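Yeah, the sequence shown ends on 363 if you go by my numbering, and it's all consecutive.
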Amino acid sequence: MLIIMKRGASEKNIEDVKGFIERKGFNAHISKGEIQTVIGAVGEKVIDPRDIELLEGVSEVIKITTNYKLASRIFQEKDTIIEVNGVKFGGGNVGTIAGPCSVESFEQMDETAKQLSKVGVKILRGGAFKPRTSPYSFQGLGEDGLKILRKVADKYKMAVVSEIMEISQIPLFEKYVDIFQVGARNMQNFNLLKELGFIRKPVLIKRGLAATFEELLMAAEYILSGGNSQVMLCERGIRTFEKVTRNTLDLSAIPVIQKVSHLPILVDPSHGTGLRDKVAPMSRAALAAGCDGLIIEVHNKPECALCDGAQSLYPQQFSQLYKELKKIAPIINKKII
Ligand code: PEP
Ligand code: MN
27 MLIIMKRGAS EKNIEDVKGF IERKGFNAHI SKGEIQTVIG AVGEKVIDPR
77 DIELLEGVSE VIKITTNYKL ASRIFQEKDT IIEVNGVKFG GGNVGTIAGP
127 CSVESFEQMD ETAKQLSKVG VKILRGGAFK PRTSPYSFQG LGEDGLKILR
177 KVADKYKMAV VSEIMEISQI PLFEKYVDIF QVGARNMQNF NLLKELGFIR
227 KPVLIKRGLA ATFEELLMAA EYILSGGNSQ VMLCERGIRT FEKVTRNTLD
277 LSAIPVIQKV SHLPILVDPS HGTGLRDKVA PMSRAALAAG CDGLIIEVHN
327 KPECALCDGA QSLYPQQFSQ LYKELKKIAP IINKKII
C-alpha cells in the first residue's frame, strides 16, 4: 500500500502516519520527492485504507497490485541514482565497471587495473569466490583474492565489486568490497538477499539464467524491504535454444525495467554473449537502448585467463570501446563516467 502525502505535509504529519502504520504491524518506507512524500506500507496485515486517509496530511492511499512495491516506479517516480567513487548509475548517468572475471594474481590485477585506470575506469571487478559449473574448475582465491583486489584498487584509486556467494561471507566482504555482486545463480538465494537488505553498501544483482523480469524485481524487493535502498539490476543474458552465443543478451530488459522500476539497470555483454568479438557491438547497443551502466570483463592476457578468457577484452579493445561509448552517450542524452 502506498500513502501519498499532501503537498506541504509537515514532518510531524509524516512521522504520525509512519507511527500509525507501524503500530498496525507494517514496515514503513519513506520516499521524499521534490513535491510530495510517499510512504510505502509493506506487510501482510489487513488494514482499512480509510483509517489512513483520515490522518492529517494524507492525500491518497493506493493499493499496489504488482508483487514488487519498493522497486516500483509507483513508490518512487524518480530514478534511483547510485554513486560509487564518483561514478553514477541511473538518472541519465551510465557507470562503467571493468576487470577480469576472476582475481588470479597480484600481477594480473595490477596490470589490468593500471590499463583500465588510464582509460578512466573507476570501478574494478574481479571474482574471488567463483560459482563454477564444474567442481574441478578454478574456484577463486577466496579471501586472498579479495585482499589483492582491494590492494590494487587502492593503488589506482578505484572502487571494487566482487561476487558474494553466501551469508557467512558478509563480514569478509564488508572489509574489502564497495559493491556486493549477487550472481545469476544466486539471484533466488532468498536467505542471502534478506541479509543483504541489512547492509548499507550497494548490491548489484544479476538476472538469473531463467528468470523473468518480475522475478528479478522480486529479488531486488527482498533487499529493498530490509532497508537497503542501493540496489542495481543487471541483465547478463538468459538461456535459450541458441548455441552460438553463451547466453542470449536480452536488451529489452532496459526499456521494460525502466518503465516499471526506478532502479538502475546495467548490462553485462561479456556473460551475455560469451565471445570477445561480440562484446563491443552489444555494449554499444546496450548504451543506445538506454542502459544505466555496463559491466565488462577485461583481462591483461585473456589467452592465459583461468576463467572466461574467451569473453574478456584486451585492455586495448576496451579502450577503443570506451571512446566509442563516450561518443554515443551524448546523442541519447546520457553522461558516461
Ligand atoms: C561473473 O560476473 O563473473 C559471473 C559469474 O556472472 P554471472 O553470475 O552473470 O554468471
Ligand atoms: Mn565471468
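Each residue gets a CB set at the ideal place from its N, CA and C atoms; glycine is no exception. Since we're looking at a predicted model, the values are computed, not measured.
Ends of the beta strand (DSSP E) at S188?
Residue 188 sits at position 162 when you count from the first residue of the sequence shown. Per DSSP, S188 is one residue of the beta strand (DSSP E) stretching across 185-190.
Any non-hydrogen atom of the ligand MN closer than 6 Å to D334 Cβ
Stepping through the sequence shown from its first residue, residue 334 is reached at position 308. At a cut-off of 6 Å, the beta-carbon of D334 counts as near the ligand MN: some heavy atom of the ligand is closer than that.
Taking M244 and N93 to be in contact with their CB atoms under 8 Å, please state how far apart those CB atoms are, rounded to whole angstroms.
Here residue 244 refers to the residue found at position 218 of the sequence shown. Here residue 93 refers to the residue found at position 67 of the sequence shown. So it is a contact: roughly 6 Å between Cβ atoms.
By DSSP, does M308 sit in helix, in strand, or in coil?
As a working note, residue 308 is residue 282 in the sequence shown. Looking at M308 - three-state DSSP - the assignment turns out to be helix.
When the Cα atoms are used, what is the spatial distance from I30 to E130?
Counting from one through the sequence shown, the residue named residue 30 turns up at place 4. Counting from one through the sequence shown, the residue named residue 130 turns up at place 104. Roughly 51 Å separates the two Cα atoms.
Close Cβ partners of A266 (< 6 Å) along its chain, the five nearest in sequence each way excluded
To locate residue 266, count along the sequence shown from 1; it is residue 240. What sits at residue 266 in the sequence shown is Thr, not Ala. Only T274 meet the Cβ criterion.
Where G335 and V286 are concerned, what is the direct C-alpha to C-alpha distance, given to the nearest angstrom?
Residue 335 sits at position 309 when you count from the first residue of the sequence shown. Residue 286 sits at position 260 when you count from the first residue of the sequence shown. Going from the Cα of G335 to the Cα of V286 covers about 35 Å.
Cβ atoms of G223 and I193: under 7 Å apart, would you say?
Along the sequence shown, read from residue 1 onward, the residue named residue 193 stands at position 167. Along the sequence shown, read from residue 1 onward, the residue named residue 223 stands at position 197. No.
Considering Cα atoms alone, identify which of D170, T106, V113, K183 is closest to S143.
In the sequence shown, the residue the question calls residue 143 occupies position 117. For the options D170, T106, V113, K183, the alpha carbon positioned closest to that of S143 is the one of K183.
Does the Cβ of C127 lie closer than 6 Å to at least one heavy atom of the ligand MN?
Here residue 127 refers to the residue found at position 101 of the sequence shown. At least one heavy atom of the ligand MN falls within 6 Å of the beta-carbon of C127.
Consult DSSP for E86 and reduce its assignment to one of helix, strand or coil.
Locating residue 86 in the sequence shown gives position 60, where the first residue counts as 1. If DSSP states are grouped into helix, strand and coil, E86 belongs with the strands.
Measuring from the CB of K304, is there a heavy atom of the ligand PEP at a distance below 6 Å?
The residue you call residue 304 lines up with position 278 of the sequence shown. The answer is no for K304.
Run the CB neighbour count on P328, radius 10 Å, all protein chains shown included, and call it buried at 16 or more, exposed below.
In the sequence shown, residue 328 corresponds to position 302, counting from 1. Burial call: buried.
Looking at I174: is its Cβ nearer than 7 Å to the Cβ of I149?
Residue mapping note: residue 174 aligns to position 148 of the sequence shown, counting from 1. Residue mapping note: residue 149 aligns to position 123 of the sequence shown, counting from 1. Their beta carbons are not under 7 Å apart, which means I174 does not touch I149 by this criterion.
Spatial distance of L10 from E261 (CA atoms):
The chain is shown from 27 up to 363; residue 10 falls before or after that span and cannot be answered.
Give the straight-line distance between the Cα atoms of F216 and H288, rounded to the nearest whole angstrom.
Sequence index remark: in the sequence shown, residue 216 carries index 190 (1-based). Sequence index remark: in the sequence shown, residue 288 carries index 262 (1-based). So the two alpha carbons sit approximately 22 Å from each other.
E200: first and last residue of the uninterrupted alpha helix (DSSP H) it sits in:
Mapped onto the sequence shown, residue 200 falls at position 174. First-last of the alpha helix (DSSP H) with E200: 196-202.
In chain order, what are the residue ranges of uninterrupted beta strand (DSSP E) at least 3 long that sit wholly in the region 130-192?
149-151, 185-190
Can you tell me where the beta strand (DSSP E) with L122 in it begins and where it stops?
Reading the sequence shown from its first residue, position 96 is the one you call residue 122. Here the sequence assigns Thr to residue 122, which means Leu is not the residue at that position. Where T122 is concerned, the enclosing beta strand (DSSP E) stretches over 119-125.
With DSSP as the reference, please indicate the residues paired to N93 in a beta bridge.
By 1-based counting over the sequence shown, the position of residue 93 is 67. In the DSSP output, where bridge partners are listed per residue, N93 has none listed.
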